[in-house]
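Everything on this sheet refers to the single structure shown next.
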Amino acid sequence: LKKGILELNDELDFDNYPVLHSFNYGRCHQPLARLSSKKLETLLNAAGDARVFKKMERYHDRILLNGYEQTLYEGVAEALGYPANKQPFQTLAESLPL
Numbered sequence: 070l071k072k073g074i075l076e077l078n079d080e081l082d083f084d085n086y087p088v089l090h091s092f093n094y095g096r097c098h099q100p101l102a103r104l105s106s107k108k109l110e111t112l113l114n115a116a117g118d119a120r121v122f123k124k125m126e127r128y129h130d131r132i133l134l135n136g137y138e139q140t141l142y143e144g145v146a147e148a149l150g151y152p153a154n155k156q157p158f159q160t161l162a163e164s165l166p167l
């Protein structure tokens, strides 16, 4: 970066930032907005737990097959690929093992 994060923050136009406007809310926004804070917290915690368990299941067999370190390495490479390049980054990590 050529500028510090605080300097960049001052340049952001939050009034016109697209995702902050209601027309960009998803279909779940209205039902979730009607929930109490406690119910919303419970729902989000359950969703987070489900996501973690799904990832655990996804990596379990890979850990048994390739070991923890290699699987972690491949997972980090896959995450660095973001949505468009997940598979190429994972393939790269598999091709160049630790």
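Count along the sequence shown from 1, add 69, and you get the number used in the working numbering.
For every residue, glycine included, the Cβ atom is placed at its ideal position computed from N, Cα and C.
Host alpha helix (DSSP H) of R120 (start-end): Per DSSP, R120 is one residue of the alpha helix (DSSP H) stretching across 106-135.
Whole-number beta carbon distance between E143 and Q159, since they are thought to touch under 8 Å: Contact between Q159 and E143 holds, with the beta-carbon distance rounding to 6 Å and staying under 8 Å.
Supposed contact pair Q139 and L161 - C-beta distance, whole angstroms, cut 8 Å: That belief does not hold up - the Cβ atoms of L161 and Q139 are roughly 13 Å apart, past 8 Å.
Secondary structure of L167, DSSP reduced to three states: DSSP places L167 in coil when its eight states are reduced to three.
Simplified DSSP state of Y94, which is helix, strand or coil: The DSSP-derived three-state label of Y94 is coil.
D79, enclosing alpha helix (DSSP H) - first and last residue: Note, D79: alpha helix (DSSP H), 74-80.
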